[in-house]
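To keep things clear, I will list the structure first and then write my remarks on it.
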Amino acid sequence: MENLKMSIHKLRIVRVERFMSVVVVLRNYELIFHFLNGRKEEELEEETKGEPSFLQYYGKKDTKFSDLKLKEVPGWLSRRNKSPVAFGRALSRGYWRWGHKYYFPRNAGVAPLLQAVILTSFVSYLVNYSKISHHKNRKYHW
């Protein structure tokens, strides 16, 4: 890996290294991976005005879904990128948004653990639904 940048950013050592098309940012013992997708790192920094963040979308701004009128919804949906790569990017942004809100803070509490337990319970219920649906309370079990 080639060291591209060493700087001090708000008393934090930030080191950016590039390996193939992945930029790795080391900040306060936290690894942040950013895929360049054919863009140069300088272009990315100009777009993001600093270090890249997974918490925001750097594409062209569009009207929020909550601000749409009913007749504008089909046009809004047609402008969405529906490729698997775009879906993966949206999931990644959602994961990092959730992580920075619930998991990464110092005083995070038990919220992420409870959310993981509830999610695991829900997924196991969905997986086993065909097996447990036969055990419904009925008057006659023929």
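Take the position in the sequence shown, starting the count at 1, then add 52; the result is the number in this note's numbering. Every residue, glycine too, gets a C-beta built ideally from N, C-alpha and C.
Looking at the backbone, the Cα of G161 and that of R132 are separated by about 36 Å. Membership of S130 in the alpha helix (DSSP H) is indicated by the continuous run V125 to S130. Between P164 and Y155, the C-beta gap is smaller than 8 Å, which places the two residues in contact. Pairing K113 with H152, the inter-Cα distance amounts to about 22 Å. The C-alpha of V137 lies about 15 Å from the C-alpha of Y147. For the 8 Å CB-CB criterion, W128 and L120 form a contact. Counted as a single uninterrupted DSSP element, the alpha helix (DSSP H) harbouring T172 occupies residues A163 to V179. In this structure, the straight-line span from the alpha carbon of K134 to that of S182 is close to 31 Å.
Leaving aside the five residues that flank T115 on each side, the residues in its chain whose CB is nearer than 8 Å to its CB run, in chain order, E124 and W128. When rounded, the separation of the alpha-carbon atoms in I170 and H187 is 22 Å.
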